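There are 2 protein chains.
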Amino acid sequence: MRRKILLAVSILLGVTPALAQNEPALSPKQAATVDRLIDKGLEDDRAFTIVESLTTKIGPRLGGSEAEARARDWGVETLKDLGFKNVRIETFDMPYWERVNESARIETPFPQDLKITALGNSVATPDGGLVGEIVRFRTLLDLQDAPLDGLEGKIVFVDEVMSRTQDGSGYGWAVAKRSGAANEAAKRGAAAALIRSAGTSESRTPHTGNMNYAENVTPVPVAALSNPDADLLASALSLADEPVRVSLDISVRTLAKVQSGNVIGEIPGKTDELIVIGGHLDSWDLGTGAVDDGAGIAITVAAAKLIDELPGRPTRTIRVIMWGAEEVGLVGARAYAAEHADELDKHILASESDFGAGKVWQFRTRFSEDALPKARVYQKALRRLGVGPGNNNASGGPDVMPLSQVGVPAFRLYQDGSDYFDLHHTMDDTLDKIELESLRQNVAAWAAAVYIASELEGDYR
Amino acid sequence: MRRKILLAVSILLGVTPALAQNEPALSPKQAATVDRLIDKGLEDDRAFTIVESLTTKIGPRLGGSEAEARARDWGVETLKDLGFKNVRIETFDMPYWERVNESARIETPFPQDLKITALGNSVATPDGGLVGEIVRFRTLLDLQDAPLDGLEGKIVFVDEVMSRTQDGSGYGWAVAKRSGAANEAAKRGAAAALIRSAGTSESRTPHTGNMNYAENVTPVPVAALSNPDADLLASALSLADEPVRVSLDISVRTLAKVQSGNVIGEIPGKTDELIVIGGHLDSWDLGTGAVDDGAGIAITVAAAKLIDELPGRPTRTIRVIMWGAEEVGLVGARAYAAEHADELDKHILASESDFGAGKVWQFRTRFSEDALPKARVYQKALRRLGVGPGNNNASGGPDVMPLSQVGVPAFRLYQDGSDYFDLHHTMDDTLDKIELESLRQNVAAWAAAVYIASELEGDYR
Numbered sequence: 003m004r005r006k007i008l009l010a011v012s013i014l015l016g017v018t019p020a021l022a023q024n025e026p027a028l029s030p031k032q033a034a035t036v037d038r039l040i041d042k043g044l045e046d047d048r049a050f051t052i053v054e055s056l057t058t059k060i061g062p063r064l065g066g067s068e069a070e071a072r073a074r075d076w077g078v079e080t081l082k083d084l085g086f087k088n089v090r091i092e093t094f095d096m097p098y099w100e101r102v103n104e105s106a107r108i109e110t111p112f113p114q115d116l117k118i119t120a121l122g123n124s125v126a127t128p129d130g131g132l133v134g135e136i137v138r139f140r141t142l143l144d145l146q147d148a149p150l151d152g153l154e155g156k157i158v159f160v161d162e163v164m165s166r167t168q169d170g171s172g173y174g175w176a177v178a179k180r181s182g183a184a185n186e187a188a189k190r191g192a193a194a195a196l197i198r199s200a201g202t203s204e205s206r207t208p209h210t211g212n213m214n215y216a217e218n219v220t221p222v223p224v225a226a227l228s229n230p231d232a233d234l235l236a237s238a239l240s241l242a243d244e245p246v247r248v249s250l251d252i253s254v255r256t257l258a259k260v261q262s263g264n265v266i267g268e269i270p271g272k273t274d275e276l277i278v279i280g281g282h283l284d285s286w287d288l289g290t291g292a293v294d295d296g297a298g299i300a301i302t303v304a305a306a307k308l309i310d311e312l313p314g315r316p317t318r319t320i321r322v323i324m325w326g327a328e329e330v331g332l333v334g335a336r337a338y339a340a341e342h343a344d345e346l347d348k349h350i351l352a353s354e355s356d357f358g359a360g361k362v363w364q365f366r367t368r369f370s371e372d373a374l375p376k377a378r379v380y381q382k383a384l385r386r387l388g389v390g391p392g393n394n395n396a397s398g399g400p401d402v403m404p405l406s407q408v409g410v411p412a413f414r415l416y417q418d419g420s421d422y423f424d425l426h427h428t429m430d431d432t433l434d435k436i437e438l439e440s441l442r443q444n445v446a447a448w449a450a451a452v453y454i455a456s457e458l459e460g461d462y463r
Numbered sequence: 003m004r005r006k007i008l009l010a011v012s013i014l015l016g017v018t019p020a021l022a023q024n025e026p027a028l029s030p031k032q033a034a035t036v037d038r039l040i041d042k043g044l045e046d047d048r049a050f051t052i053v054e055s056l057t058t059k060i061g062p063r064l065g066g067s068e069a070e071a072r073a074r075d076w077g078v079e080t081l082k083d084l085g086f087k088n089v090r091i092e093t094f095d096m097p098y099w100e101r102v103n104e105s106a107r108i109e110t111p112f113p114q115d116l117k118i119t120a121l122g123n124s125v126a127t128p129d130g131g132l133v134g135e136i137v138r139f140r141t142l143l144d145l146q147d148a149p150l151d152g153l154e155g156k157i158v159f160v161d162e163v164m165s166r167t168q169d170g171s172g173y174g175w176a177v178a179k180r181s182g183a184a185n186e187a188a189k190r191g192a193a194a195a196l197i198r199s200a201g202t203s204e205s206r207t208p209h210t211g212n213m214n215y216a217e218n219v220t221p222v223p224v225a226a227l228s229n230p231d232a233d234l235l236a237s238a239l240s241l242a243d244e245p246v247r248v249s250l251d252i253s254v255r256t257l258a259k260v261q262s263g264n265v266i267g268e269i270p271g272k273t274d275e276l277i278v279i280g281g282h283l284d285s286w287d288l289g290t291g292a293v294d295d296g297a298g299i300a301i302t303v304a305a306a307k308l309i310d311e312l313p314g315r316p317t318r319t320i321r322v323i324m325w326g327a328e329e330v331g332l333v334g335a336r337a338y339a340a341e342h343a344d345e346l347d348k349h350i351l352a353s354e355s356d357f358g359a360g361k362v363w364q365f366r367t368r369f370s371e372d373a374l375p376k377a378r379v380y381q382k383a384l385r386r387l388g389v390g391p392g393n394n395n396a397s398g399g400p401d402v403m404p405l406s407q408v409g410v411p412a413f414r415l416y417q418d419g420s421d422y423f424d425l426h427h428t429m430d431d432t433l434d435k436i437e438l439e440s441l442r443q444n445v446a447a448w449a450a451a452v453y454i455a456s457e458l459e460g461d462y463r
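Structure below.
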């Protein structure tokens with residue numbers, strides 16, 4: 003046990019003791035194949051072609067929409083054209099929400115428009131909109147600590163700023179205000195809630211994303227202001243010597259049940275053990291879904307295809323999933339986990355690429371303690387790509403979470419997300435933001451990791 | 003003559019021979035005052051307060067609009083509050099154009115929305131919009147060289163990319179396509195024209211600006227695509243194996259005659275000789291007009307106020323003009339030049355700040371050859387701010403052009419515009435883009451230059 007702990011610690015530090023007998027390792031031939039895959043990945047044009055095709059031919063593809071259905075057809079065609087096997091759509095039903103119209107304006111004392119976007123699942127304003135006095139809270143915590151009276155009929159404005167971080171952790175806490183603002187506002191009888199975008203962009207591109215109402219509140223509409231518009235509203239509050247009143251007009255359309263689906267294709271292995279990879283096919287409706295998550299689809303499909311092009315079959319089957327309806331609540335992921343509950347033991351490892359197209363900088367795992375020494379094999383292979391060792395608390399990616407929760411081991415190739423939240427969930431999520439060199443580095447890292455997952459003996463449970 | 007040429011060359015190179023007798027110079031006391039003004043400018047908070055107030059209290063203020071009228075009242079109040087004298091509005095009439103609605107969409111084969119903005123002065127599309135096949139030209143020159151037939155009923159797309167430059171010269175040629183695209187399209191019977199924005203932003207923030215129809219064409223509507231949307235349309239054209247058809251719907255409102263005006267205030271001098279400075283009060287309708295040109299107003303007002311705060315009156319009168327209706331064709335500038343035609347000889351020097359809030363990096367002049375040695379006095383004073391010597395072909399700024407054309411000498415404090423065209427004429431022209439340190443450097447440079455212009459003996463004609 004002590005040795006294991008030492009080994010785990012040293013792996014985390016990227017300093018590993020000399021390889022003992024019986025340590026997991028690739029054969030020299032396999033190691034050479036990994037290097038060849040990385041070389042090929044670094045020259046890959048297929049991923050860019052795939053994400054260009056998806057963003058151009060389909061563009062925005064909200065979960066449950068007609069555009070997402072066209073994207074599924076695109077996915078089937080793309081996988082078949084590349085020679086993937088067992089290509090199919092696994093459908094599921096879901097509720098549907100879409101924005102129809104949204105606008106906001108400072109009415110008094112300084113009339114001018116504000117750029118907003120409704121958060122996913124927000125209720126509409128009453129017909130003709132509403133007008134309310136703005137009450138600003140610097141953070142969600144300040145709102146949570148506010149008295150339960152005094153906000154009746156007002157518009158709560160949670161002005162909390164999100165931090166720019168490499169690993170995206172700034173988003174982790176910023177996102178709490180998305181549901182939190184509306185629910186705390188509703189509890190206090192406010193008419194509506196506005197939040198500063200849970201994003202880092204300095205453009206007037208407000209950031210959407212899903213929210214959920216608590217069960218015990220009467221839902222109030224909620225929208226995000228872009229960062230410059232949040233600044234503007236804060237300036238108006240500081241310069242005004244009377245209440246600042248804002249009008250808000252949001253209309254939405256909802257349907258109780260529509261169909262969506264996961265698109266699945268495989269590189270069959272010599273066994274029916276599965277390595278599950280992919281990205282999500284749906285996107286928010288504001289941009290064309292290039293970094294979120296056309297890139298993830300493109301990277302994983304291109305990586306799997308590189309393995310398919312090797313001589314001979316991989317040992318394990320590589321299952322690529324283009325997940326449906328991720329943004330609106332991991333609907334496809336939950337449907338898959340339920341549908342495939344009886345073959346979960348065949349799922350050796352799962353991972354999703356869903357953090358843009360920035361370079362991979364860290365390899366994290368969620369392996370059993372016994373399997374942890376295997377991480378070194380991946381780390382060694384990826385080191386030439388500038389990928390360092392990470393911890394063993396990885397999420398395998400949003401769509402892998404329902405699988406992780408029932409014990410499927412996971413890994414994640416962490417991408418540099420310093421600029422990701424300038425784009426993510428905004429109209430600026432477009433193809434031009436993807437850098438070919440970074441995309442290629444991702445393909446190389448994925449091809450290497452997936453090949454190792456397929457060939458390295460033993461499992462991770 | 004030879005000596006003058008040598009001197010001019012050496013001034014251009016920033017290498018000046020030892021000061022000869024009778025060379026223009028400040029007195030030691032004046033030189034010390036210049037340094038004190040620069041020190042004060044580098045600590046100035048007034049400029050930021052002014053531009054925050056204008057962008058927050060008024061926001062977008064299109065030439066001729068009701069908002070521009072509110073901005074004039076704001077200007078009068080601001081100048082009076084600061085103790086400027088002879089504060090007044092000089093009104094003029096002008097035609098009016100405003101956008102009402104604008105949208106575009108790829109209809110076939112890859113349906114999705116495109117972000118556009120109509121160019122100022124564009125005619126509307128027919129009721130219900132129009133649909134046409136896209137014909138792409140890489141540059142305006144390619145369109146100019148195209149045959150006069152073959153484009154009937156089509157939508158011309160001029161995809162010319164603008165270069166990012168420090169001095170803004172990339173805009174100089176990019177802007178030609180704004181009128182050029184529509185006029186060349188119209189000549190060829192096209193239904194409409196689209197251009198890639200004459201801006202450098204990677205956000206989906208299309209760039210507006212004024213255009214004018216040639217006399218001999220039937221006007222067709224014209225709009226700009228954001229850079230990412232131009233990329234998208236180009237991708238669609240490259241991936242489609244059938245014509246790409248786009249729908250375009252633009253509605254506008256025009257009025258034959260509305261009132262606008264220039265807001266004027268003065269720091270009275272001991273003489274009625276004038277140093278005319280300022281920025282333009284109007285903005286495009288998409289942003290809040292922070293860098294274009296709230297910053298120019300703020301910088302010049304704050305600089306003049308620093309001079310007002312010196313003990314004693316300046317020698318020459320400093321006239322600050324908040325020019326009206328600049329964006330839509332220098333309407334205020336032309337009105338002023340006409341209205342003040344009989345006192346032009348009292349206009350010793352004129353200059354406008356209208357290039358954002360980036361740091362000043364160069365001092366350019368438009369002096370007579372006899373007056374050119376005076377440039378060294380300015381250069382010497384500004385050098386500590388990182389401002390280098392420039393040529394003698396300066397435009398004094400757009401609103402100064404009508405004065406320059408009738409012989410009023412000018413100078414210009416060139417600002418770093420590397421990022422200016424990410425913001426200019428887009429919805430992203432907002433207060434948050436202004437950096438306090440840069441704004442202060444501008445105030446310091448302007449205070450120094452205007453003080454020298456007021457105190458240095460002799461004129462520049």
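Respectively, the protein sequence lines represent chains C and Y.
3 is the number of the first residue of the first sequence in the numbering used here; add one for each residue after it.
3 is the number of the first residue of the second sequence in the numbering used here; add one for each residue after it.
Glycine included, every Cβ here is placed at the ideal spot set by N, Cα and C.
Just so you know, these numbers come straight off a predicted model, no measurement behind them.
- Under DSSP, A412/C forms a beta bridge with A352/C, R368/C.
- The DSSP-derived three-state label of R63/C is coil.
- Around the Cβ of N88/Y, a 10 Å sphere holds fewer than 16 other Cβ atoms; the residue is exposed.
- The three-state secondary structure of E457/Y, taken from DSSP, is helix.
- When Cβ-Cβ separations below 8 angstroms define contact, T290/C makes contact with chain Y.
- Each residue's CA atom was taken as its position, placing S67/C and Y98/C some 8 angstroms apart.
- For R414/Y and S253/Y, the gap between their C-alpha atoms comes out near 38 angstroms.
- Contact between P411/Y and R378/Y is absent: CB atoms are separated by about 16 angstroms, not below the 8 angstroms threshold.
- The contact set of S253/Y on chain C, defined by CB atoms closer than 7 angstroms, is empty, because the minimum CB distance reaches about 17 angstroms.
- Here DSSP, grouped into helix, strand and coil, assigns I269/Y to strand.
- Scanning its chain for C-beta atoms nearer than 6 angstroms, with the 5 sequence neighbours on each side dropped, one finds around D295/C the residues G281, H282, D356, in chain order.
- Leaving aside the five residues that flank T220/C on each side, the residues in its chain whose CB is nearer than 7 angstroms to its CB run, in chain order, A188.
- Within the region 159–234 of chain Y, the complete alpha helix (DSSP H) runs of at least 4 residues fall at 171–176, 178–189.
- When the five nearest sequence neighbours on each side are left out, the beta carbons in the same chain lying within less than 7 angstroms of the beta carbon of R90/Y are those of I266, in order along the chain.
- Under the three-pair Cβ rule at 8 angstroms, the region 45–55 of chain Y counts as touching the region 299–312 of chain Y.
- With its beta carbon at least 8 angstroms from every one in chain C, L81/Y lies outside the interface.
- Just measuring C-alpha positions, the residue of L235/C, V330/C, A339/C, N394/C sitting nearest R107/C is L235/C.
- Shown here for L276/Y: same chain residues with a beta carbon closer than 7 angstroms to its own, the five before and five after excluded, namely R318, T319, R321, K348, H349, I350 in chain order.
- Among the residues facing chain Y, M96/C is not included, as its CB has no counterpart in that chain under 8 angstroms away.
- In this model, Y453/C and P245/Y are separated by some 42 angstroms (Cα to Cα).
- Within chain C, no residue has its CB atom less than 9 angstroms from the CB of M213/Y, the nearest being about 24 angstroms off.
- Chain Y has no Cβ within less than 8 angstroms of the Cβ of D47/C.
- At a cut-off of 8 angstroms between beta-carbon atoms, M429/C makes contact with chain Y.
- If you draw a straight line from the Cα of E154/C to the Cα of D231/C, it comes to about 24 angstroms.
- Rounded to the nearest angstrom, the Cβ distance from R336/C to P404/C is 5 angstroms, consistent with a contact under 8 angstroms.
- Here I269/C is actually not in contact with A449/C; their C-beta atoms are around 11 angstroms apart, not less than 8 angstroms.
- The region 164–177 of chain Y and the region 114–134 of chain Y do not touch, with fewer than 3 CB-CB distances between them shorter than 8 angstroms.
- Neighbourhood of F423/C in chain Y, by CB distance below 7 angstroms: empty, with the nearest CB roughly 14 angstroms away.
- Of the other Cβ atoms in all chains shown, 16 or more fall within 10 Å of the Cβ of T202/C; this residue is therefore buried.
- Under DSSP, D115/C takes part in a beta bridge, and its partners are R107/C.
- In the structure shown, N393/Y adopts coil according to DSSP, grouped into three states.
- Shown here, I436/C sits in coil according to DSSP, grouped into three states, outside any helix or strand.
- Interface with chain C (8 angstroms Cβ-Cβ cutoff): T110/Y is excluded.
- Chain-order list of chain C residues neighbouring L241/Y: E54, S55, T58, K59, by C-beta distance under 9 angstroms.
- Of the residues L44/Y, E92/Y, N218/Y, the one whose Cα lies closest to the Cα of G326/Y is E92/Y.
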